[in-house]
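Protein chains in written order, with the working numbering: chain A, 3 to 523; chain B, 17 to 685. Where a beta carbon is used, it is the ideal one built from N, C-alpha and C, also for glycine. Computed from a predicted model, the values in this text were never measured in an experiment. Below is one structure, written out as structure tokens; the observations come after it.
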Amino acid sequence: MMLTVLIVVAAILAAALTRGGLTRRAPAAMIPIALWALATQPRVPWPGTPPVELRSNASLADIETALSASTRGAVIVVEGDGVHPDFLPLLGERTVRWEASNRHLGLAALTWPRRVVVGEPVRVSGRVDVADSIPVQLTSPDGVVDSTWTDSLFTFVVVPRAVGRWQMQLAVNGETTHLGIQVVPPPRLRVLVIAGRPDFEVPALVRRLVAQDADVSVRTQMTRDRRRTERLGLTPVDVRISGEVLDSLDLVVLAAGGQATLAASEQQLLAAAVASGLGLLHIVDATLTAGLLTPFPLRQSGAEWTGRLVLDDAIWPGAVRVAPLLGPDTLAFVRDSAGRALAWRTTRGRGTIAATAFSQAHRLPLAGHAETEAAWWSELLGPVLRAPSGRWVVRDDALVRRDEPLMIQWLGNPPAAITVQEGLHASPSRLGASSDTSPRSLQVWPTDTGWMSVAADRDTLDLFVSPASALSGVSAAHRREAMRVVAAEPSGQLPTGRVPFPRLVGWLLLVAAVTVAWRPR
Amino acid sequence: MPVDRPLAAARITALAQRWTFLRLVAWTVAAGCLAVASWLVSGNLPISLAAAVLVAIGAWSTAHRRPITPLTVARHLDRVAPELEESAALLLEPVDNGDPLRRMQRRRADAALGSMASVPVITAPATRFALITSFACLVAATLFTMLPAPAPATSRATTPTAPGESAAPLELGAIIVQWTPPSYLGRTARTTAPSNVTVEEGSVVQWQVDAPRASRVRIVDLLGDTLVAVQRDGHWMATATISNTRVWRAEALDDADSIVRSEAYRLSVIPDRPPVIAIIAPPGRTEMEWTEPHRVVLRAVVSDDYAIGSTTLLATVAAGRGEGVRFRERRLSLEHESTTRSGEMVMSAMIDLDALEVAPGDEVYLAVEASDRKAPAPQVARSETVFLALRDTLDPVSSDFGGIAIDIEPEFFRSQRQIILDTEALLADVRAGRVREPLPRAMDIGYDQYLLRVRYGEIAGQEDEVNGADPSATVTEADLMHQHDTEDNATLLAASVKATLQSALAAMWEAEKQLRTGHPAEALPHEYRALVSLEQIRQAQRAYVKRIGFEPPAIDVGRTRLTKQATDVAPLDRRPADQREAPGDALHAALRSIDAVPTAAYAPTLEAAARQLAAQAVDDATGQHLETLGALRRMLDGDRSPGTLERIRSGLLSALPAPSRPIVPQAPR
Numbered sequence: 003m004m005l006t007v008l009i010v011v012a013a014i015l016a017a018a019l020t021r022g023g024l025t026r027r028a029p030a031a032m033i034p035i036a037l038w039a040l041a042t043q044p045r046v047p048w049p050g051t052p053p054v055e056l057r058s059n060a061s062l063a064d065i066e067t068a069l070s071a072s073t074r075g076a077v078i079v080v081e082g083d084g085v086h087p088d089f090l091p092l093l094g095e096r097t098v099r100w101e102a103s104n105r106h107l108g109l110a111a112l113t114w115p116r117r118v119v120v121g122e123p124v125r126v127s128g129r130v131d132v133a134d135s136i137p138v139q140l141t142s143p144d145g146v147v148d149s150t151w152t153d154s155l156f157t158f159v160v161v162p163r164a165v166g167r168w169q170m171q172l173a174v175n176g177e178t179t180h181l182g183i184q185v186v187p188p189p190r191l192r193v194l195v196i197a198g199r200p201d202f203e204v205p206a207l208v209r210r211l212v213a214q215d216a217d218v219s220v221r222t223q224m225t226r227d228r229r230r231t232e233r234l235g236l237t238p239v240d241v242r243i244s245g246e247v248l249d250s251l252d253l254v255v256l257a258a259g260g261q262a263t264l265a266a267s268e269q270q271l272l273a274a275a276v277a278s279g280l281g282l283l284h285i286v287d288a289t290l291t292a293g294l295l296t297p298f299p300l301r302q303s304g305a306e307w308t309g310r311l312v313l314d315d316a317i318w319p320g321a322v323r324v325a326p327l328l329g330p331d332t333l334a335f336v337r338d339s340a341g342r343a344l345a346w347r348t349t350r351g352r353g354t355i356a357a358t359a360f361s362q363a364h365r366l367p368l369a370g371h372a373e374t375e376a377a378w379w380s381e382l383l384g385p386v387l388r389a390p391s392g393r394w395v396v397r398d399d400a401l402v403r404r405d406e407p408l409m410i411q412w413l414g415n416p417p418a419a420i421t422v423q424e425g426l427h428a429s430p431s432r433l434g435a436s437s438d439t440s441p442r443s444l445q446v447w448p449t450d451t452g453w454m455s456v457a458a459d460r461d462t463l464d465l466f467v468s469p470a471s472a473l474s475g476v477s478a479a480h481r482r483e484a485m486r487v488v489a490a491e492p493s494g495q496l497p498t499g500r501v502p503f504p505r506l507v508g509w510l511l512l513v514a515a516v517t518v519a520w521r522p523r
Numbered sequence: 017m018p019v020d021r022p023l024a025a026a027r028i029t030a031l032a033q034r035w036t037f038l039r040l041v042a043w044t045v046a047a048g049c050l051a052v053a054s055w056l057v058s059g060n061l062p063i064s065l066a067a068a069v070l071v072a073i074g075a076w077s078t079a080h081r082r083p084i085t086p087l088t089v090a091r092h093l094d095r096v097a098p099e100l101e102e103s104a105a106l107l108l109e110p111v112d113n114g115d116p117l118r119r120m121q122r123r124r125a126d127a128a129l130g131s132m133a134s135v136p137v138i139t140a141p142a143t144r145f146a147l148i149t150s151f152a153c154l155v156a157a158t159l160f161t162m163l164p165a166p167a168p169a170t171s172r173a174t175t176p177t178a179p180g181e182s183a184a185p186l187e188l189g190a191i192i193v194q195w196t197p198p199s200y201l202g203r204t205a206r207t208t209a210p211s212n213v214t215v216e217e218g219s220v221v222q223w224q225v226d227a228p229r230a231s232r233v234r235i236v237d238l239l240g241d242t243l244v245a246v247q248r249d250g251h252w253m254a255t256a257t258i259s260n261t262r263v264w265r266a267e268a269l270d271d272a273d274s275i276v277r278s279e280a281y282r283l284s285v286i287p288d289r290p291p292v293i294a295i296i297a298p299p300g301r302t303e304m305e306w307t308e309p310h311r312v313v314l315r316a317v318v319s320d321d322y323a324i325g326s327t328t329l330l331a332t333v334a335a336g337r338g339e340g341v342r343f344r345e346r347r348l349s350l351e352h353e354s355t356t357r358s359g360e361m362v363m364s365a366m367i368d369l370d371a372l373e374v375a376p377g378d379e380v381y382l383a384v385e386a387s388d389r390k391a392p393a394p395q396v397a398r399s400e401t402v403f404l405a406l407r408d409t410l411d412p413v414s415s416d417f418g419g420i421a422i423d424i425e426p427e428f429f430r431s432q433r434q435i436i437l438d439t440e441a442l443l444a445d446v447r448a449g450r451v452r453e454p455l456p457r458a459m460d461i462g463y464d465q466y467l468l469r470v471r472y473g474e475i476a477g478q479e480d481e482v483n484g485a486d487p488s489a490t491v492t493e494a495d496l497m498h499q500h501d502t503e504d505n506a507t508l509l510a511a512s513v514k515a516t517l518q519s520a521l522a523a524m525w526e527a528e529k530q531l532r533t534g535h536p537a538e539a540l541p542h543e544y545r546a547l548v549s550l551e552q553i554r555q556a557q558r559a560y561v562k563r564i565g566f567e568p569p570a571i572d573v574g575r576t577r578l579t580k581q582a583t584d585v586a587p588l589d590r591r592p593a594d595q596r597e598a599p600g601d602a603l604h605a606a607l608r609s610i611d612a613v614p615t616a617a618y619a620p621t622l623e624a625a626a627r628q629l630a631a632q633a634v635d636d637a638t639g640q641h642l643e644t645l646g647a648l649r650r651m652l653d654g655d656r657s658p659g660t661l662e663r664i665r666s667g668l669l670s671a672l673p674a675p676s677r678p679i680v681p682q683a684p685r
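Rendered as structure tokens:
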């Protein structure tokens, strides 16, 4: 607005101060106006320019050909479900009109983890866009078939039984799609358990960890000056707390008054290790007061409820006797079947501190709930463990199809070398640039269907590449979503704002107009 | 020239003989054709001979019913030769026989016969039918033998592709399984193809294997046992008595030790289970007043998977008190009341308690025993025990004691009742005015109470206070004080019994105090309280006896919760991870090997997986593991087709034990 006023004032001044009659005043006044008009050219096509049509799911070559053949200012008409989201930046600032399709997509969304640990439940969720209910069936490699009828959402849960490549078949209304999952062995954990006294819960935890081939050491304070240590695993953990030892651990558990056995220096070392990524779990049996290792106190209070972990209330009616003073960074992450919080966690630096007031998990197998006990330790310890350094991450909703770009991320320090292997063909690759804090990305472009692998220094990611025609409904839904952002208006056009006019340019235009007007004859 | 009459008759006779011979030849040809056809189809000589004999019988029957005689020929000539003018029979008559007209006609017939160059042969329909049919059979049998031989329907033999093998490979033909159920089941023997055979426990199973070129045949149980077959009547036979489910396959070997295996099959066994008995009346424990009718109806449902042999009602009467508890056991008969639709027998018995000679306070334990008809020894099952308790005249209080034996003399217990009787008599006398000064008698009763209390005190571990005690001595305050000793801890009584005994002692003490101070009426409630406590101890003693000799009542879940055996808790395995043996290791190894490059090195791995699968297949009613076993065998024989690999992969995955949920680091938050 100010800029417009300035331009108008400049034009009036130029006209008023110009000597020589209308023949000189009018051009002088028109100069800034014309420059202003040129600088703020609206994004509207030149009359008579033919539009450029892009068919649905146009390839990169199609887009580049169409753009190069069209004149600047031509309207880009995108038909159907739109183009690939990664290709949209190619359209630049062209005017885009989207003639959206309203056809039913069938399978419109599908998410499943691309990598799990053997025994870890896999949740395959999806959404169908149909007029009426259709059958959906998931067949696992072990012959287990799960099916349902749905007209909106569906979810299947399967548990891979063996390490390797787990290839499932999803049939949606008779159309079959292969879903691949890389099943990896459980990580070898290193855990130190510090207990203030002998306790039933500690052996239950240790048994669970050792069954997963973890290296576990238990330090139990027996009397004031006596400790009992127990070391299990191939490379047992040293029970003496030092910075080096703590850096080698994934988790430290303070159970049965274990925190009280720590010297002040040990607590400081532990806090520093947490800040650098170590996980710390308190299993408390009394009110937990705030301190160096307990950033959030626990006391009796109310809490919000959502069901997650199915536990038998009759086994431990007094389990939920504490609830958190929820801070802004504290999260109740394990709840019982009634939604009552059983464990809370917060982050400190790169590590996590968690606490639970429930110390009766060892009773679960005795009451016939062995699976619940396994779920309890998995839910409790999983988010607390030190995050592995250097690994590939793929979004659960990523589409891995032939001749289509795929973005995967690397968490951790950049690897020295990356090899992408498709069949017998291997090719080197490298990560894209990134700041130090955000994950680095790698764009892979599968050229063949089947399994491919992306290997870095310490991690190899196996991906199943579907044919280009697979999951077409999901792809169309992704393109529609992206097109809705680009063509936010119902008419399907890009925002048609004007180019901002720089103040300096306006001033220079004014000076130029005055100079022309007062040019000596 | 006319034919001479004897000559014409001779010609007709010759025709009859020749045609008889031709018919014999025709029947012989028919018999030969049928015999050859039968041999081609069956390959069995007796069957072929039987067919020939059948045709011979037909020939004989035809010859017997329709013999070819000169007269038959003459009639045939009359039919086929009109020029004979129906007079061929005249040619067989004597020359000088007949009137002139007959002679003239005979000459005309002679002339006609003499002019005939040939005579059409007589044909019988039966002969024509036999010839055509037998010839058709021969043609059909010849075509049948020219068809390709069908594969054996009962077994799919797999032949190893050993190099340098002879042109006639070792083959495994049809396999037939015949089993004879145990005789007590009264079922007949059955024969079937080897797949999905289910036999009764104890059946005698006979395998019949056709392997003509084999030198040895064996039936291999995939869990380890091997049954060697013997050759009999051209078949390989093996017999075994089966008592549990097996997974087996047949193997044929030749002299060069080449081996051919059949598919793996499951031989399921239906176990003969013992009878199942449920007492539906009376309930688990019934307490009866002595005044109630002494008749109780017991009703039980007895069932068995095959048949019930016999049923018996066991009635045990527990009588007496203290250590004098005696048991009498009676065996009573049960009557068959009805049979339910599902075949269960409802048995009942009217129990006359008087016939059992019960007394107040006695208990009767009832249980039903049933046996089936299994041979050689029947299986006997026994029901749970139901209790009938007849209340004593003194209402016993139910006890919570958990089975503790105490060593108490019975007379001790009887004394407390006597003290009560004495006290009640004293009070009655006082009320009736017969006693004006009750103190001396009350003091005497109090002394008896004192003695009884001391005796119980000994049991409970208290000090002996009897030393020199004089009933007439003045009662001091110390005499009325409780002895807070701890010696009772030295006894072996349970805490609950001890507490009850202490309660009885305290009641005795109060009663003694009231008696010795001349207040028998106030003493009476305490005396009763002491008696009730002692009754409770007696009931505890009875409970102990029951638990030794009889089934206890249902477990009190409230007291035993969370104390069951921890079957879901695996013991802590302190061995390093690389030294542990996890279930399914062989299957995991096989899964890895089938994805490897084709090599013969995976054979031991697959063999190990097959053994583990076979062990699991025994309990797999779906037969899925059997299919995987077959696919594994095909792969070991060199079949690496994608379908086979996929079948193996799927089967091995489904056979893997469900993995425990892992502890996994989560994605960064």
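If you reduce the DSSP assignment to three classes, tell me which class B/V71 lands in.
If DSSP states are grouped into helix, strand and coil, B/V71 belongs with the helices.
List the DSSP bridge partners of A/D217.
Partner(s): A/R192.
Please list, in chain order, the chain B residues whose beta carbon lies closer than 9 Å to that of A/W379.
R677, I679
Is there at least one Cβ from chain A nearer than 7 Å to B/V669's Cβ?
Per the sequence shown, residue 669 of chain B should be read as Leu rather than Val. At a cut-off of 7 Å between beta carbons, B/L669 contacts chain A.
Note down the Cα distance separating B/A142 from B/T149, rounded to an integer number of angstroms.
10 Å
Name, please, each residue of chain B whose Cβ falls closer than 8 Å to the Cβ of A/D215.
A593
Out of A/R116, A/V130, A/D131, point me to the one whose CA is closest to A/V124's CA.
A/R116
Secondary structure at B/H352, three-state DSSP: helix, strand or coil?
strand
First and last residue of the beta strand (DSSP E) that includes B/Y381?
379 to 388
Since B/M459 is in the alpha helix (DSSP H), which residue starts that stretch and which ends it?
455 to 476
Buried or exposed: which applies to B/E567, given that a residue is buried once 16 or more other Cβ atoms fall within 10 Å of its Cβ?
Residue placement at B/E567 is poorly supported in this model, since its pLDDT is 32, which falls under 50; the coordinates are not used for a value here.
Quick one: grab the DSSP three-state call for A/P115.
coil
For B/G74 and B/P83, I'd like the C-alpha separation in whole angstroms.
13 Å
Of all the options A/D464, A/D227, A/G108, A/T67, which has the alpha carbon lying nearest to the alpha carbon of A/G198?
A/D227
Counting only Cβ-Cβ distances shorter than 7 Å, please list the residues of the segment 438 to 464 of chain A near chain B, keeping chain order.
Result list empty, no residue passes.
Is it the case that the Cβ atoms of B/D237 and B/R262 are separated by a distance below 7 Å?
yes
Nearest chain B C-beta to A/P200 closer than 7 Å, yes or no?
no
With distances taken from CA atoms, which of A/A372, A/L387, A/S431, A/P407 is nearest B/A674?
A/A372
How long is the line joining the alpha carbons of B/Q499 and B/L521, rounded to whole angstroms?
For B/Q499, the pLDDT reaches just 48, beneath the cut-off of 50, and the residue's location in the model is therefore unreliable, although a value from the coordinates is still provided. In a straight line, the C-alpha of B/Q499 is about 11 Å away from that of B/L521.
Of the residues B/A66, B/A294, B/T307, B/A335, which one's Cα is nearest the Cα of B/R315?
B/A294
Assuming B/P198 and B/A391 form a contact by the criterion Cβ under 8 Å, report the distance between their Cβ atoms to the nearest whole angstrom.
Going by Cβ atoms, the distance from B/P198 to B/A391 rounds to 6 Å, so yes, they are a contact pair.
In this structure, how does DSSP classify B/T196 when only helix, strand and coil are distinguished?
strand
Compute the Euclidean distance between the alpha carbons of B/P456 and B/R545, then round it to the nearest angstrom.
23 Å
Counting only beta-carbon atoms, is A/A389 nearer than 7 Å to chain B?
yes
Select from the segment 635 to 650 of chain B all residues with a C-beta closer than 7 Å to any C-beta belonging to chain A, and list them in chain order.
none
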